[in-house]
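Before any comments, here is the structure.
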Amino acid sequence: MSDTLIGLVSQYSPSGQERGAVDWLVLRMKSLGYDDAFIDEAGNAVGVMGKGPRQVILLGHIDTVPGEIFVTLIPPSFPAGDGTVLYGRGSVDAKGPLACFADAVAQVGAKDGWQFVVIGAVEEERNSEGARFVAENYKPDFAIIGEPNQWDRIALGYKGSAWANVTVKRGQVHSASGEVTAAEVAVEIWLKIKMYVDSLNTDKQKMFDKLLPTLREIESSSDDFQQRAQMKIGVRLPVEISPEEWYGKLNEIADGEIVEPVGFAISAWGCEKNTPLVRAFLSGIRSQGGEPRFVYKTGTADLNIVAPVWKCPAVVYGPGDSAFDHTPNEHINLDEYAKAVDVLSAALLKLTT
3 MSDTLIGLVS QYSPSGQERG AVDWLVLRMK SLGYDDAFID EAGNAVGVMG KGPRQVILLG
63 HIDTVPGEIF VTLIPPSFPA GDGTVLYGRG SVDAKGPLAC FADAVAQVGA KDGWQFVVIG
123 AVEEERNSEG ARFVAENYKP DFAIIGEPNQ WDRIALGYKG SAWANVTVKR GQVHSASGEV
183 TAAEVAVEIW LKIKMYVDSL NTDKQKMFDK LLPTLREIES SSDDFQQRAQ MKIGVRLPVE
243 ISPEEWYGKL NEIADGEIVE PVGFAISAWG CEKNTPLVRA FLSGIRSQGG EPRFVYKTGT
303 ADLNIVAPVW KCPAVVYGPG DSAFDHTPNE HINLDEYAKA VDVLSAALLK LTT
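One point on numbering: in our numbering, the residue at position 149 of the sequence shown is 151, and numbering is uninterrupted.
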């Protein structure tokens with residue numbers, strides 16, 4: 003069961019360099035008996051099982067952050083036995099969940115009236131170009147997004163995010179003039195942001211419901227005629243605050259200073275809890291002796307991209323401990339991986355029966 007996981011993790015694929023892993027996964031899905039497997043126009047790996055009119059999409063991402071980790075099994079046994087741990091970039095985020103999707107669908111096979119589509123999307127760690135393509139080209143009945151949340155947990159929400167550069171410019175003055183400097187104005191803006199956020203979060207108990215700003219960078223410079231200070235500010239958004247609302251508030255706080263949005267802003271998304279898909283996962287986790295738990299994450303995922311477009315029941319599922327995301331010792335326990343495959347297989351069978 004771990005061959006798909008080990009093989010996929012062995013294909014180093016940081017964002018922008020996914021093609022080798024995509025080719026490998028397409029061939030692997032063909033060997034597992036998928037009805038079709040191919041590379042789509044965005045460069046995603048796609049595997050299709052079944053030909054029915056109702057569709058379940060299992061969307062994982064095949065890219066990773068940079069930083070190759072030598073693929074190692076500890077203890078180094080073949081076949082991998084109980085307690086074996088796999089080290090390698092992407093073993094958790096998020097080739098573990100993606101491989102789990104591929105193996106579980108192969109285990110379930112084709113179901114009358116249904117079609118399973120497994121997608122290994124590219125570019126999730128950058129601008130989610132793979133997921134953006136998928137969002138506009140499918141309309142599934144159910145969606146399962148692959149991210150590591152451990153085998154007995156279901157994620158029902160991910161926060162949004164927005165980035166901006168705030169720039170302050172002032173004319174050059176003598177240091178003894180007493181005039182407020184560009185750097186001082188920038189610091190004042192950041193303190194006002196903190197004051198606003200602290201007030202907004204006062205009655206919020208859960209991190210998922212809070213506005214979470216971060217000052218990522220601050221720099222200042224000057225020449226003969228001008229001072230300049232720039233801050234790079236990121237924020238994790240709750241469901242009730244859209245990126246547009248946040249940028250409006252940021253402009254208000256900056257009070258005429260330059261605010262420039264950076265990259266793609268993403269709205270938060272919370273999944274409905276009382277759906278056939280959630281009930282299928284609860285049953286699947288219990289079938290493996292687990293006590294199901296729900297989790298809401300402070301990061302973002304491809305869920306935020308596709309769910310607002312598809313508006314179908316969705317969950318986020320996958321083996322692995324997200325505490326190891328992007329770390330130098332990223333690893334996954336193969337026992338947990340095997341349980342996750344069985345959980346997902348049971349959930350798919352219940353959902354489509």
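From the three backbone atoms N, C-alpha and C, an ideal C-beta is built for every residue, glycine too. What you are looking at is a predicted structure, and each value in this text was computed from that prediction instead of being measured.
Exposure of residue i, with buried meaning 16 or more beta-carbon neighbours within 10 Å
i: alanine 348; result: buried
i: alanine 309; result: buried
i: leucine 29; result: exposed
i: glutamine 174; result: exposed
i: aspartate 38; result: exposed
i: methionine 197; result: exposed
i: asparagine 151; result: buried
i: glutamine 117; result: buried
i: lysine 299; result: buried
i: valine 280; result: buried
i: serine 33; result: exposed
i: isoleucine 76; result: exposed
i: glycine 22; result: exposed
i: phenylalanine 40; result: exposed
i: proline 99; result: buried
i: threonine 204; result: exposed
i: aspartate 225; result: exposed
i: phenylalanine 135; result: buried
i: glycine 148; result: buried
Closest by C-alpha distance to residue i, when choosing among the options
i: valine 67; options: Ile41, Glu20, Asn139 and Pro77; result: Glu20
i: alanine 256; options: Val170, Thr183 and Glu127; result: Val170
i: aspartate 65; options: Asn151, Val24 and Asn253; result: Val24
i: alanine 325; options: Leu252, Ser289 and Val94; result: Val94
i: alanine 112; options: Glu149, Met51 and Tyr140; result: Met51
i: isoleucine 195; options: Val264, Pro294 and Val237; result: Val237
i: tyrosine 14; options: Val110, Gly35 and Tyr89; result: Tyr89
i: leucine 239; options: Ala303, Met31 and Ser224; result: Ala303
i: asparagine 253; options: Leu279, Lys53, Ala166 and Pro315; result: Ala166
i: valine 187; options: Ser269, Gln290, Thr277 and Glu259; result: Glu259
i: arginine 172; options: Ser163, Ala164 and Val182; result: Val182
i: glycine 62; options: Pro16, Ala123, Val87 and Leu7; result: Ala123
i: valine 168; options: Val189, Gly159 and Tyr160; result: Val189
i: glycine 2; options: Pro16, Ile334 and Leu353; result: In this structure the chain extends from 3 to 355, so residue 2 is not present and cannot be described.
i: leucine 305; options: Glu43, Leu202 and Ser163; result: Ser163
i: aspartate 323; options: Ile8, Thr74, Lys97 and Gly9; result: Lys97
i: glycine 92; options: Asp327, Asp337, Leu353 and Thr354; result: Asp327
i: glycine 115; options: Gly272, Phe135, Gly148 and Gly54; result: Gly54
i: valine 11; options: Thr354, Glu332 and Asp344; result: Glu332
i: glycine 1; options: Glu262, Gly301 and Gly291; result: Not covered by the structure: residue 1. The range shown for the chain is 3 to 355.
Near the ligand MG: residue i beta-carbon under 6 Å from a heavy atom
i: phenylalanine 72; result: The ligand content of the structure shown is nil, which means the ligand MG is not present either.
Neighbourhood of residue i by C-beta, 6 Å cutoff - its chain only, sequence neighbours within 5 removed
i: alanine 342; result: Cys102, Trp153 and Pro321
i: valine 120; result: Gly49, Leu60, Phe103, Ala104 and Val107
i: asparagine 129; result: Phe266
i: aspartate 211; result: Pro240
i: valine 297; result: Asn151, Arg155 and Ala157
i: proline 315; result: Phe144, Thr277 and Leu279
i: leucine 350; result: Val110
i: glycine 45; result: Val124
i: serine 361; result: In this structure the chain extends from 3 to 355, so residue 361 is not present and cannot be described.
Endpoints, the alpha helix (DSSP H) within which residue i is located
i: leucine 336; result: 336-353
i: phenylalanine 135; result: 131-139
i: valine 199; result: 184-202
i: aspartate 25; result: 21-33
i: glycine 148; result: Segment 144-148 is the beta strand (DSSP E) holding glycine 148; no alpha helix (DSSP H) there.
i: asparagine 252; result: The sequence as given places leucine at residue 252; asparagine does not occur at that position. Looking at the DSSP string, the run of the alpha helix (DSSP H) that includes leucine 252 is 245-256.
Residues near residue i in its chain [Cβ-Cβ closer than 8 Å; skip 5 each side]
i: leucine 217; result: Trp192, Met233, Lys234 and Ile235
i: alanine 137; result: Ile307, Val308, Val311 and Trp312
i: proline 294; result: Asp154, Arg155, Ile156, Phe283, Leu284, Ile287 and Arg288
i: proline 330; result: Gly69 and Ile71
Local conformation of residue i per DSSP, three classes
i: threonine 6; result: helix
i: leucine 75; result: strand
i: glutamine 229; result: strand
i: alanine 112; result: coil
i: lysine 313; result: coil
i: leucine 213; result: coil
i: glycine 52; result: coil
i: alanine 157; result: strand
i: serine 12; result: coil
i: valine 119; result: strand
The beta strand (DSSP E) enclosing residue i, as first and last residue numbers
i: asparagine 276; result: Looking at the DSSP string, asparagine 276 is not in any beta strand (DSSP E), and its letter there is neither H nor E.
i: alanine 270; result: It is not in any beta strand (DSSP E) - alanine 270 carries neither H nor E in the DSSP assignment.
i: glutamine 57; result: 56-63
i: tyrosine 36; result: Where tyrosine 36 is concerned, there is no enclosing beta strand (DSSP E), given that its DSSP letter is neither H nor E.
i: asparagine 167; result: 162-173
i: arginine 128; result: Note, arginine 128: premise wrong, no beta strand (DSSP E); not H, not E.
i: tyrosine 89; result: 87-89
i: tyrosine 298; result: 295-299
Nonlocal neighbours in the same chain, by C-beta distance under 7 Å from residue i, ignoring five residues either side
i: alanine 185; result: Ser222 and Ala231
i: glutamate 274; result: Pro315
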